[in-house]
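Quick notes on the structure that follows.
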Amino acid sequence: MVDASAVGRVGEPFTLDVERGKIREFARATHSQNPAYLQAEDPVVPPTFLTTAFFWQSGASDPWEAVAMDQRKGLHAEQEFVFHGPPPRAGTRLTGRSRIESVTRKEGRRGTLTFAVMVTDFHDEAGNLVATAKLTGVETA
Amino acid sequence: MTSFTVGPLTRTDLVRYQGASGDFNPIHHDEEFARAAGMKAPLSLGMLQAGLMATWATDRYGAQNVRSFRVRFAAQVFPGDTVTCDGTLVRRYTAEDGSPLLDLELTCTTQDGTVAVYGWATFAADLAASDGDAA
Chain A
1 MVDASAVGRV GEPFTLDVER GKIREFARAT HSQNPAYLQA EDPVVPPTFL TTAFFWQSGA
61 SDPWEAVAMD QRKGLHAEQE FVFHGPPPRA GTRLTGRSRI ESVTRKEGRR GTLTFAVMVT
121 DFHDEAGNLV ATAKLTGVET A
Chain B
1001 MTSFTVGPLT RTDLVRYQGA SGDFNPIHHD EEFARAAGMK APLSLGMLQA GLMATWATDR
1061 YGAQNVRSFR VRFAAQVFPG DTVTCDGTLV RRYTAEDGSP LLDLELTCTT QDGTVAVYGW
1121 ATFAADLAAS DGDAA
């Protein structure tokens, strides 16, 4: 059962070093043969690469745990990445910080659906906002 | 414009994506766990399909040009399925700061025509990287 009191919960900052090898690995795993990822000396990240925050975000930096979505009924409903300029390149050190933006309920044909949204902002070392990720999870009745 | 077909997807495709992304949910690789969760087999990752859609889009509009990428997951995909990513350029416009942008609508469809993932993307318009597709 989703805990609506998780709204507003903010995680501790976490570090995501954008690494060349990780970009190449991710590009291959998504069947890309684009030299912009596989050959460039300082490749940009693929559009969905910041999902690799999975590796670096846990415990106090992951407020999603407070949502307490039932894993047997929880689904990834939507995902969005916004880049506030060109995507970050290998060699960039990003600081990510996540917050629980909303919990909303909607009546569906088969009962109540509960949507939870987590927003993660990524800043570079100069403090510029580089990217924003938005995860929407849904728990079915 | 040419679509991008991948498949049939294998368990190895799923595992390789899990290793790359860091999402190690066992429902995507552990046969027993997946069956206990009511699946016929390990379920593919929505984010793998999203990644394939991103591959299609960045091949056409340039890796450095992506400005936003959003997906909504609509149907499950399993190993053995063949998925096709495609998209349409729906809008060319100028942002408030004067930079030219393109909006795309994307789909990832399984072999029976079911749309598994819907997507929306915005790219900076870079004529050099475009394949000349008309709006």
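From first to last, the protein sequence lines stand for chains A and B.
For the record, in the first sequence the residue sitting at position 35 is 35 according to this note's numbering, with numbers rising by one throughout.
For the record, in the second sequence the residue sitting at position 47 is 1047 according to this note's numbering, with numbers rising by one throughout.
For each residue, glycine too, the CB sits at the ideal point set by N, CA and C.
All of these numbers come straight from a predicted model, not from anything done at the bench.
Exercise. Give me the Cα-Cα distance between residue 60 of chain A and residue 51 of chain A, rounded to the nearest whole angstrom.
Key: On the first sequence, position 60 is the one that residue 60 of chain A refers to. On the first sequence, position 51 is the one that residue 51 of chain A refers to. Answer to the nearest angstrom: the Cα atoms are 18 Å apart.
Quiz item: In the structure shown, what three-state DSSP assignment does residue 1017 of chain B receive?
Solution: Mapped onto the second sequence, residue 1017 of chain B falls at position 17. Of the three classes helix, strand and coil, the one that applies to residue 1017 of chain B here is helix, per DSSP.
Self-check item: Contact set for residue 15 of chain A: own chain, Cβ-Cβ below 8 Å, skip 5 residues either direction
Solution: The residue labelled residue 15 of chain A in the question sits at position 15 within the first sequence. Around residue 15 of chain A: 56, 93, 94, 95 and 96.
Quiz prompt | chain B within 8 Å of residue 79 of chain A, Cβ atoms only | solution = Translated into the one-based positions of the first sequence, residue 79 of chain A becomes position 79. Yes, its Cβ sits closer than 8 Å to a Cβ of chain B.
Quiz item: Going straight from the alpha carbon of residue 1135 of chain B to that of residue 1061 of chain B, what length do you get?
Solution: As a working note, residue 1135 of chain B is residue 135 in the second sequence. As a working note, residue 1061 of chain B is residue 61 in the second sequence. Per-residue confidence for residue 1135 of chain B stands at a pLDDT of 38, beneath the threshold of 50, marking its modelled position as unreliable; no derived number is given.
Quiz item: Under the rule that 16 or more other beta-carbon atoms within 10 Å means buried, what is residue 1 of chain A, buried or exposed?
Solution: Translated into positions along the first sequence, residue 1 of chain A becomes position 1. By the 10 Å Cβ count, residue 1 of chain A comes out exposed.
Quiz item: Hey, residue 1047 of chain B and residue 79 of chain A: beta-carbon distance below 8 Å or not?
Solution: Numbered from 1 along the second sequence, position 47 holds the residue referred to as residue 1047 of chain B. Numbered from 1 along the first sequence, position 79 holds the residue referred to as residue 79 of chain A. Cβ distance < 8 Å, so residue 1047 of chain B and residue 79 of chain A count as in contact.
Self-check item: Unbroken beta strand (DSSP E) run spanning residue 1100 of chain B, endpoints
Solution: The residue labelled residue 1100 of chain B in the question sits at position 100 within the second sequence. Segment 1100 to 1110, the beta strand (DSSP E) holding residue 1100 of chain B.
Exercise. Let me know if residue 1013 of chain B comes out buried or exposed under the rule of 16 or more other beta-carbons within 10 Å of its beta-carbon.
Key: Here residue 1013 of chain B refers to the residue found at position 13 of the second sequence. So residue 1013 of chain B counts as buried.
Self-check item: Segment limits, beta strand (DSSP E) that includes residue 116 of chain A
Solution: Taking the first residue of the first sequence as 1, we reach residue 116 of chain A at position 116. Counting along the chain, the beta strand (DSSP E) containing residue 116 of chain A begins and ends at 111 to 123.
Self-check item: Buried or exposed (CB count within 10 angstroms, at least 16 for buried), residue 1003 of chain B
Solution: Mapped onto the second sequence, residue 1003 of chain B falls at position 3. Counting Cβ neighbours within 10 Å, residue 1003 of chain B comes out exposed, since fewer than 16 surround it.
Exercise. Identify, in the order they occur along the chain, each residue of the same chain with its Cβ nearer than 7 Å to the Cβ of residue 1033 of chain B, setting aside the five sequence neighbours on each side.
Key: To locate residue 1033 of chain B, count along the second sequence from 1; it is residue 33. Closer than 7 Å at Cβ, skipping near neighbours: 1026 and 1027.
Practice problem: Examine the Cβ distances between the region 1104 to 1116 of chain B and the region 104 to 123 of chain A and report whether three or more of them are shorter than 8 Å. | Solution: no
Exercise. State the Cα-Cα distance for the pair residue 1065 of chain B and residue 86 of chain A, rounded to the nearest angstrom.
Key: As a position in the second sequence, residue 1065 of chain B is number 65, starting the count at 1. As a position in the first sequence, residue 86 of chain A is number 86, starting the count at 1. Those two C-alpha atoms are separated by around 6 Å.
Exercise. Can you say whether residue 1045 of chain B is buried or exposed, counting buried as having 16 or more other CB atoms within 10 angstroms of its CB?
Key: By 1-based counting over the second sequence, the position of residue 1045 of chain B is 45. Buried is the call here.
Exercise. Return the CA-CA distance between residue 1006 of chain B and residue 1084 of chain B, expressed in angstroms with no decimal places.
Key: Residue mapping note: residue 1006 of chain B aligns to position 6 of the second sequence, counting from 1. Residue mapping note: residue 1084 of chain B aligns to position 84 of the second sequence, counting from 1. Rounded to whole angstroms, residue 1006 of chain B to residue 1084 of chain B spans 6 Å at the Cα level.
Quiz item: Skipping 5 residues on each side, what residues in its chain have a beta carbon closer than 8 Å to that of residue 101 of chain A?
Solution: As a working mapping, residue 101 of chain A is identified with position 101 in the first sequence. For residue 101 of chain A, where only same-chain residues beyond five positions count, the Cβ hits under 8 Å are 7, 117, 118, 119 and 134.
Quiz item: So is residue 55 of chain A in contact with chain B if we call contact Cβ pairs under 8 Å?
Solution: In the first sequence, counting from the first residue as 1, residue 55 of chain A sits at position 55. Yes, contact with chain B.
Practice problem: Could you work out which residues of chain B lie near residue 86 of chain A, taking near to mean beta carbons separated by less than 7 Å? | Solution: The residue labelled residue 86 of chain A in the question sits at position 86 within the first sequence. Under the 7 Å cutoff, chain B gives 1064.
Quiz item: Hey, quick one: how far does the alpha helix (DSSP H) through residue 100 of chain A stretch, first residue to last?
Solution: For the purposes of this step, residue 100 of chain A is taken as the residue at position 100 of the first sequence. Not the alpha helix (DSSP H): residue 100 of chain A falls in the beta strand (DSSP E), residues 93 to 108.
Quiz item: What residues of chain A sit near residue 1021 of chain B, judged by a beta carbon separation below 8 Å?
Solution: One-based indexing of the second sequence puts residue 1021 of chain B at position 21. Simply 26, 29, 51, 52 and 54.
Quiz item: Who are the Cβ neighbours of residue 1056 of chain B in its own chain at under 8 Å, not counting the five residues just before and after it?
Solution: Taking the first residue of the second sequence as position 1, residue 1056 of chain B is located at position 56. The answer, listed in chain order, is 1003, 1004, 1085, 1086, 1087 and 1106.
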